[in-house]
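**Student:**
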Amino acid sequence: NAGVMQNPRHLVRRRGQEARLRCSPMKGHSHVYWYRQLPEEGLKFMVYLQKENIIDESGMPKERFSAEFPKEGPSILRIQQVVRGDSAAYFCASSPLDPALQETQYFGPGTRLLVL
Amino acid sequence: LAKTTQPISMDSYEGQEVNITCSHNNIATNDYITWYQQFPSQGPRFIIQGYKTKVTNEVASLFIPADRKSSTLSLPRVSLSDTAVYYCLVGETSSNTGKLIFGQGTTLQVKP
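Protein chains in written order, with the numbering used here: chain A, 1 to 116; chain B, 1001 to 1112.
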């Protein structure tokens, strides 16, 4: 059973460009979470999605950031007009059950975004 | 929202037992305590989870006192490959979103 997959693993963008990060959850998992890790810091929650629904986006910056988890295909984290401060590692996690049941989240390897 | 406090860093030597203690004074009745491990350039990996008393698996043990205001992750006979950041988390259940709140974690350095 393949784990959580993220691509690309590394992404370089110039200021003002768009970044698209993809996440395929583990087979059978319908809950997806995105976290951001700035250099030398811990992970920060960004958004929680189920298929076709955003459940909690309390950690998402108000502008330029958006996320989706369509009925078919991977979850996408989209960053428009990137700035240098967006440089970070972005991790996706998935879980199979209701998160209120405290089920473990399984993390992907991350996408490292570098904005020049 | 339960906040966790753990040492920023710890050093150990190969073969020693390492105990990392985490404080969570405001833990809620329904909250579990979960520990994750993160190697450089990788995503966090689940180590162990518990609610009370003691939990043991093939990787570690987790000790939780009766008041649940703290917990201790115990790694037996560490090796160089156990060098990583260890995060103590308490699940946020108030909103039923399941989002994980990561602190700074404890950077464990195992020396030969």
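Quick reminder that beta carbons are idealized off the backbone N, C-alpha and C, glycines included.
My understanding is that B:I1027 touches B:T1106, with C-beta atoms under 8 Å, so please give their C-beta distance in whole angstroms.
**Tutor:** To locate residue 1027 of chain B, count along the second sequence from 1; it is residue 27. To locate residue 1106 of chain B, count along the second sequence from 1; it is residue 106. Actually they do not touch by this definition, with Cβ atoms about 18 Å apart.
**Student:** Quick one: Cα of B:S1012 to Cα of B:P1112, how far?
**Tutor:** Locating residue 1012 of chain B in the second sequence gives position 12, where the first residue counts as 1. Locating residue 1112 of chain B in the second sequence gives position 112, where the first residue counts as 1. Between B:S1012 and B:P1112, the C-alpha separation is close to 9 Å.
**Student:** When the Cα atoms are used, what is the spatial distance from B:R1077 to B:Q1016?
**Tutor:** Your numbering for residue 1077 of chain B matches position 77 in the second sequence. Your numbering for residue 1016 of chain B matches position 16 in the second sequence. Roughly 5 Å separates the two Cα atoms.
**Student:** B:K1099: buried (16+ other C-beta within 10 angstroms of its C-beta) or exposed?
**Tutor:** Within the second sequence, residue 1099 of chain B is the residue found at index 99, counting from 1. Buried, by the Cβ-count rule.
**Student:** So, with DSSP's three-state summary, where would you put A:D86?
**Tutor:** Working through the first sequence from its first residue, we reach residue 86 of chain A at position 86. Note: A:D86 maps to helix in three-state DSSP.
**Student:** Could you tell me the distance, in whole angstroms, from the CA atom of B:S1094 to the CA atom of B:T1029?
**Tutor:** The sequence position of residue 1094 of chain B within the second sequence is 94, counting from 1. The sequence position of residue 1029 of chain B within the second sequence is 29, counting from 1. Below a pLDDT of 50, predicted positions are generally treated as unreliable, and B:S1094, at 44, falls in that range; no measurement from the model is reported.
**Student:** Measuring only the C-alpha atoms, how far is B:K1054 from A:L11?
**Tutor:** The residue given as residue 1054 of chain B occupies position 54 in the second sequence. The residue given as residue 11 of chain A occupies position 11 in the first sequence. The alpha-carbon atoms of B:K1054 and A:L11 are separated by roughly 43 Å.
**Student:** Taking Cβ to Cβ, would you say A:E52 is nearer than 8 Å to A:F69?
**Tutor:** Here residue 52 of chain A is taken as the residue at index 52 of the first sequence, counted from 1. Here residue 69 of chain A is taken as the residue at index 69 of the first sequence, counted from 1. Taking 8 Å as the Cβ cut-off, A:E52 and A:F69 qualify as a contacting pair.
**Student:** Since A:F65 is in the beta strand (DSSP E), which residue starts that stretch and which ends it?
**Tutor:** Along the first sequence, read from residue 1 onward, the residue named residue 65 of chain A stands at position 65. Where A:F65 is concerned, the enclosing beta strand (DSSP E) stretches over F65 to E68.
**Student:** B:D1082 by DSSP, collapsed to three states: which one?
**Tutor:** As a working note, residue 1082 of chain B is residue 82 in the second sequence. Helix, per DSSP.
**Student:** Leaving out five residues before and five after A:Y48 in sequence, what residues of the same chain have Cβ atoms less than 6 Å from its Cβ?
**Tutor:** For the purposes of this step, residue 48 of chain A is identified with residue 48 of the first sequence, where counting begins at 1. These residues qualify, in order along the chain: Y33, I55 and D56.
**Student:** B:V1018: buried (16+ other C-beta within 10 angstroms of its C-beta) or exposed?
**Tutor:** Looking up residue 1018 of chain B in the second sequence gives position 18. With 16 or more other Cβ atoms within 10 Å, it is buried.
**Student:** With distance defined between alpha-carbon atoms, name the residue in B:A1060, B:S1071 and B:D1067 nearest to B:C1088.
**Tutor:** Position 88 of the second sequence, counted from the start, is the residue given in the question as residue 1088 of chain B. The candidate whose alpha carbon is nearest that of B:C1088 is B:S1071.
**Student:** Tell me whether A:H31 sits in a helix, a strand or coil according to DSSP, three-state version.
**Tutor:** As a first step, residue 31 of chain A must be located in the first sequence, where it is residue number 31. Note: A:H31 maps to strand in three-state DSSP.
**Student:** Could you pull out every residue in the same chain whose Cβ sits closer than 8 Å to the Cβ of B:D1067, ignoring the five residues on either side in sequence?
**Tutor:** Your numbering for residue 1067 of chain B matches position 67 in the second sequence. No residues qualify anywhere along the chain.
**Student:** Should B:L1062 be listed as close to the ligand ZN, given that the test is whether its C-beta is under 7 Å from any heavy atom?
**Tutor:** With respect to the ligand ZN, the structure offers nothing, as it holds no ligand at all.
**Student:** Could you work out which residues of chain B lie near A:Y33, taking near to mean beta carbons separated by less than 7 Å?
**Tutor:** The sequence position of residue 33 of chain A within the first sequence is 33, counting from 1. Neighbours of A:Y33 on chain B, chain order: K1099.
**Student:** Could you give the first and the last residue of the continuous beta strand (DSSP E) run that contains A:R13?
**Tutor:** The count along the first sequence starts at 1 and reaches residue 13 of chain A at position 13. Where A:R13 is concerned, the enclosing beta strand (DSSP E) stretches over H10 to R13.
**Student:** In three-state terms, what does DSSP make of A:S58?
**Tutor:** Taking the first sequence and counting its residues from 1, one reaches residue 58 of chain A at position 58. Three-state result, A:S58: coil.
**Student:** Which runs of the beta strand (DSSP E) spanning at least 3 residues fall entirely within the stretch 1014-1061 of chain B, listed in chain order?
**Tutor:** Runs found: 1018-1023, 1033-1038, 1045-1050 and 1053-1056.
**Student:** Based on DSSP bridge pairs, tell me the residues matched to B:K1111.
**Tutor:** Locating residue 1111 of chain B in the second sequence gives position 111, where the first residue counts as 1. DSSP output for B:K1111 lists B:Y1013 as bridge partner(s).
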